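Protein chains: 2
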Amino acid sequence: MVEKLIEKLNSLSPLNEALSDKIRTLAKINTFNTGELILREGQVCNRACLVVKGLTRSYYLNDGMDITSRFMEEGFIVTSWPSYYIQKPGNEFIEAIEPTTMACLNYSDIQQLYIDFPEFNINGRRQTEYAFYLAEQRTLLLRKHTAEEKYKYFLNHHPTLMQRVSLKHIATYLGMSEETLSRVRSKFHKNN
Amino acid sequence: MVEKLIEKLNSLSPLNEALSDKIRTLAKINTFNTGELILREGQVCNRACLVVKGLTRSYYLNDGMDITSRFMEEGFIVTSWPSYYIQKPGNEFIEAIEPTTMACLNYSDIQQLYIDFPEFNINGRRQTEYAFYLAEQRTLLLRKHTAEEKYKYFLNHHPTLMQRVSLKHIATYLGMSEETLSRVRSKFHKNN
DNA sequence: AGGATGAATTGACATTTGTCAAGAGATATT
DNA sequence: AATATCTCTTGACAAATGTCAATTCATCCT
Chain A
8 MVEKLIEKLN
18 SLSPLNEALS
28 DKIRTLAKIN
38 TFNTGELILR
48 EGQVCNRACL
58 VVKGLTRSYY
68 LNDGMDITSR
78 FMEEGFIVTS
88 WPSYYIQKPG
98 NEFIEAIEPT
108 TMACLNYSDI
118 QQLYIDFPEF
128 NINGRRQTEY
138 AFYLAEQRTL
148 LLRKHTAEEK
158 YKYFLNHHPT
168 LMQRVSLKHI
178 ATYLGMSEET
188 LSRVRSKFHK
198 NN
Chain B
8 MVEKLIEKLN
18 SLSPLNEALS
28 DKIRTLAKIN
38 TFNTGELILR
48 EGQVCNRACL
58 VVKGLTRSYY
68 LNDGMDITSR
78 FMEEGFIVTS
88 WPSYYIQKPG
98 NEFIEAIEPT
108 TMACLNYSDI
118 QQLYIDFPEF
128 NINGRRQTEY
138 AFYLAEQRTL
148 LLRKHTAEEK
158 YKYFLNHHPT
168 LMQRVSLKHI
178 ATYLGMSEET
188 LSRVRSKFHK
198 NN
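So the sequence lines, in the order shown, correspond to chains A and B. When we follow the working numbering, the leftmost residue of the first sequence carries the number 8, and every step to the right adds one. When we follow the working numbering, the leftmost residue of the second sequence carries the number 8, and every step to the right adds one.
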């Protein structure tokens, strides 16, 4: 399991032996059942986790309304970035929406790695660059004007998620009501 | 002017003499008049620029509709990230909406700096982390449900921009029509 | 000063989307 | 098998927002 994390980091920039051994000693495997919370509102997000198996959903509450901000599947590294970045309590929840296994590194360990292994900053930089890139892609979705455009965008960019996630959560991710999403879908599939 | 860029990078992580001297030789000052384009759709964004003075607007065309994606003021580093990151032509425009002076570094020079001065990866990492953090803040705005909530969020987070930018552009940034923004404003200021 | 241009506001109306409610279908539990 | 629970769909109506058009206002230009 930890090897998946080594592999992932190695693909960003090669890790030497000492560094990868150090990471092996620091990484922790965590497993979560469907519905289990990985992070709660009000907590500091003090780790970054590679999703080895499963699927997570990030969300927050706006006047009690559950609003999905992100889905993270196998091969992606999950954090609640605002909280992770400033190391203060955030307002995001992260839950497993499938049985999920993750390989995690603590924030403080990562910071120490940056100091002890300066070349690890390359990995950190590349991972952040990529996460930023993905975030910008997601944001384009929210700037689409109509419900149909948003649905099509989601279908094109996350074809597999449609099957794995309930419509309720996809709807809040797309910024529309469950009913609107349902109608868009039925209309869309009629014309195909 | 270039010293502002040195200062900015130095605030992310201290630059040694050799590195800052190298950056001085690489940085270029660019000035733009109001309305001038800094980046065009279809171009590769091959530089990152600190806004020393002025204000820029990033936007793209969706079915011919001009949609504002970002404003960047003094002290912030501007790129069109998706294009910069993958070094392929993007669909963003960047224009100066005030007389603007920027201190720029080329993409290829930055990559070479990462190689020649490995500690520069710390600066790159921290800048990207911060840019990502800001992007996540912006995205929260787009998840607000009503026009009024979006307006309030913008007022709270960018109090100075309201005066510097035309409502037309703020409206597309907030994802609403100019008329709706105007109505929200007049209603909002009546109650204050 | 006068005229042109663009920014912002306002009104009337159309369209989209949300909300509430009911019901069908699937899955899990006992 | 029966019941409960959850997901998804559909209908009717309400609310929010967009669109089109007209008007005011400020600014720029000659």
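For each residue, glycine too, the CB sits at the ideal point set by N, CA and C. Every value quoted in this text rests on a predicted model; they were computed, and no experiment measured them.
For residue i, three-class secondary structure by DSSP
{"i": "Val-58/B", "result": "strand"}
{"i": "Val-191/B", "result": "helix"}
{"i": "Phe-124/B", "result": "coil"}
{"i": "Asn-17/B", "result": "helix"}
{"i": "Ile-104/B", "result": "coil"}
{"i": "Arg-47/B", "result": "coil"}
{"i": "Ser-65/B", "result": "strand"}
{"i": "Asp-73/A", "result": "strand"}
Minimum Cβ-Cβ distance from residue i to chain A less than 8 Å
{"i": "Leu-149/B", "result": "yes"}
{"i": "Glu-136/B", "result": "yes"}
{"i": "Ile-74/B", "result": "yes"}
{"i": "Gly-131/B", "result": "yes"}
{"i": "Tyr-160/B", "result": "no"}
{"i": "Gln-96/B", "result": "Looking at the sequence provided, one finds Pro at residue 96/B rather than Gln. Answer no: the Cβ-Cβ gap between Pro-96/B and chain A never drops below 8 Å."}
{"i": "Ala-142/B", "result": "yes"}
{"i": "Asn-128/B", "result": "yes"}
{"i": "Gly-182/B", "result": "yes"}
{"i": "Tyr-92/B", "result": "yes"}
{"i": "Pro-125/B", "result": "yes"}
Neighbour flag for residue i against chain B, beta carbons, 8 Å
{"i": "Phe-139/A", "result": "yes"}
{"i": "Ala-178/A", "result": "no"}
{"i": "Pro-166/A", "result": "no"}
{"i": "Thr-146/A", "result": "yes"}
{"i": "Pro-89/A", "result": "yes"}
Top-ranked residue by Cα proximity to residue i, from the options
{"i": "Asn-113/B", "options": "Leu-26/B, Glu-99/B, Thr-86/B, Ala-103/B", "result": "Thr-86/B"}
{"i": "Ile-45/A", "options": "Ser-20/A, Asp-116/A, Met-72/A, Tyr-66/A", "result": "Tyr-66/A"}
{"i": "His-176/A", "options": "Arg-31/A, Ile-74/A, Ile-13/A, Asp-28/A", "result": "Ile-74/A"}
{"i": "Gly-61/B", "options": "Leu-147/B, Glu-155/B, Thr-107/B, Arg-31/B", "result": "Thr-107/B"}
{"i": "Cys-111/A", "options": "Ile-129/A, Asn-130/A, Tyr-92/A, Arg-54/A", "result": "Arg-54/A"}
{"i": "Ile-101/B", "options": "Ala-138/B, Asn-130/B, Gly-49/B, Met-183/B", "result": "Gly-49/B"}
{"i": "Ala-138/A", "options": "Arg-190/A, Tyr-158/A, Phe-78/A, Leu-120/A", "result": "Phe-78/A"}
{"i": "Ala-25/B", "options": "Leu-57/B, Gly-82/B, Leu-120/B", "result": "Leu-120/B"}
{"i": "Thr-63/B", "options": "Asn-40/B, Gly-71/B, Val-51/B, Cys-52/B", "result": "Asn-40/B"}
{"i": "Glu-43/B", "options": "Asp-70/B, Pro-96/B, Ile-104/B", "result": "Ile-104/B"}
{"i": "Arg-56/A", "options": "Ser-20/A, Lys-15/A, Ser-184/A, Ala-154/A", "result": "Position check: residue 56/A holds Cys in this sequence, whereas Arg was assumed. Cα-wise, what sits closest to Cys-56/A is Lys-15/A."}
{"i": "Thr-179/B", "options": "Lys-159/A, Pro-89/A, Leu-147/A", "result": "Leu-147/A"}
{"i": "Met-183/B", "options": "Ser-76/B, Gly-131/B, Gly-97/B, Ser-90/B", "result": "Ser-76/B"}
{"i": "His-165/B", "options": "Ala-154/B, Gln-144/B, Leu-68/B", "result": "Gln-144/B"}
{"i": "Glu-155/A", "options": "His-196/A, Glu-81/A, Ile-36/A", "result": "His-196/A"}
{"i": "Asn-37/A", "options": "Leu-68/A, Pro-21/A, Val-59/A, Leu-19/A", "result": "Val-59/A"}
{"i": "Ala-142/B", "options": "Ser-189/B, Ile-84/B, Ile-93/B", "result": "Ile-84/B"}
{"i": "Arg-171/A", "options": "Ser-90/A, Glu-80/A, Cys-52/A", "result": "Glu-80/A"}
{"i": "Gln-118/A", "options": "Tyr-92/A, Tyr-140/A, Glu-99/A, Asn-98/A", "result": "Tyr-92/A"}
{"i": "Trp-88/A", "options": "Val-9/B, Met-8/B, Glu-136/B", "result": "Glu-136/B"}
Limits of the unbroken alpha helix (DSSP H) element including residue i
{"i": "Arg-1/B", "result": "Residue 1/B is absent from the structure shown; chain B starts at 8 and stops at 199."}
{"i": "Asn-163/B", "result": "154-164"}
{"i": "Lys-29/B", "result": "24-33"}
{"i": "Ser-87/B", "result": "Ser-87/B -> no alpha helix (DSSP H), and no H or E assigned at all."}
Status (buried if at least 16 other CB within 10 Å, exposed otherwise) for residue i
{"i": "Lys-194/A", "result": "exposed"}
{"i": "Asn-163/A", "result": "exposed"}
{"i": "Asp-28/A", "result": "exposed"}
{"i": "Arg-31/B", "result": "exposed"}
{"i": "Asp-116/A", "result": "buried"}
{"i": "Lys-11/A", "result": "buried"}
{"i": "Gln-134/A", "result": "buried"}
{"i": "Lys-95/B", "result": "exposed"}
{"i": "Leu-203/A", "result": "Residue 203/A cannot be examined here, being either before or after the span of chain A that is shown, 8 to 199."}
{"i": "Leu-22/B", "result": "buried"}
{"i": "Glu-186/A", "result": "exposed"}
Continuous beta strand (DSSP E) stretch holding residue i: start and end
{"i": "Met-109/A", "result": "107-113"}
{"i": "Thr-4/B", "result": "Outside the shown range of chain B (8 to 199) lies residue 4/B, about which nothing can therefore be said."}
{"i": "Met-169/B", "result": "Met-169/B -> not in any beta strand (DSSP E); alpha helix (DSSP H) instead, spanning 168-171."}
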